[in-house]
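Visitor:
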Amino acid sequence: MKALSFSEIETVRGRFMLLFHDGGIYEIFFPGTAPPLHCERRPLPWPGLERELQRYLKGQQPAWDDYPLDMSGYPPFTRSLLSAVRRIPYGETRSYREVAAEAGSPRAWRAAGQALKANRHPLLVPCHRVIRSDGRPGGFSGPPGWKEMLLHLELVN
DNA sequence: ATTAATAGCGGCA
DNA sequence: TGCCGCTATTAAT
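The working numbering applies: residue 87 is where the first sequence begins, and numbers increase by one.
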């Protein structure tokens, strides 16, 4: 893998940390969740992305579908599942069953949860749009409350 | 190398 | 209501 750098994005919801290299974004950290990063700090190679993130957290629909993600390290099913999740339109939700089917394994809903747990690209891969079909809370790997907050942000508009 | 556990779901009693 | 099996992946034994 290429050498990683990091960058910070200041938003109304706090300071996000992005790990990236020239080929794409490797990982995104919610405010306060980044481990100590001992690589170089440098500006993002994709100038529009910072603005899209700030727009999104202020309730505007983002246009970030085409920014490159570094999916290395994800197993095959996880890759296709995350790609399927990325195609969920802004403001819509899907069940675990639906995204698993979209990823090509209609019976792998349980594995879909495992794959989402491994998601290094929250927001850009909108895992918060995947909810349980029975309406119970469901899970989220980010900080408590963020899933609900992001859904509310999108559904209000 | 094998087994358990997991961000879930629907069927069936 | 409770039990069962199901899939892909990781963690534990």
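Quick reminder that beta carbons are idealized off the backbone N, C-alpha and C, glycines included.
On the DSSP bridge list, what partners appear for M103?
Guide: Start at 1 with the first residue of the first sequence, and residue 103 comes out as number 17. Partner(s): E94 and F115.
Visitor: What are the partner residues of G228, as DSSP defines its beta bridges?
Guide: As a first step, residue 228 must be located in the first sequence, where it is residue number 142. According to DSSP, G228 bridges with nothing at all.
Visitor: Do three or more CB pairs link the region 147 to 156 to the region 179 to 189 at distances below 8 Å?
Guide: Touching, no.
Visitor: Report the rounded CA-to-CA distance for P192 versus S227, giving the unit in angstroms.
Guide: Here residue 192 corresponds to residue number 106 of the first sequence, with the count starting at 1. Here residue 227 corresponds to residue number 141 of the first sequence, with the count starting at 1. About 23 Å.
Visitor: If we count Cβ pairs, one from each stretch, closer than 8 Å, do we get three or more for the region 199 to 216 versus the region 162 to 173?
Guide: The region 199 to 216, when compared against the region 162 to 173, does touch it at the 8 Å Cβ threshold.
Visitor: Keeping to the same chain, check which residues put their C-beta closer than 8 Å to that of L139; ignore five residues upstream and five downstream.
Guide: Within the first sequence, residue 139 is the residue found at index 53, counting from 1. Same-chain partners within the cutoff: I95, T97, F102, P148, W150 and L209.
Visitor: Between G177 and L241, is the Cβ-Cβ spacing less than 8 Å?
Guide: On the first sequence, residue 177 is found 91 positions in, with the first residue counted as 1. On the first sequence, residue 241 is found 155 positions in, with the first residue counted as 1. For G177 and L241, yes; Cβs fall inside 8 Å.
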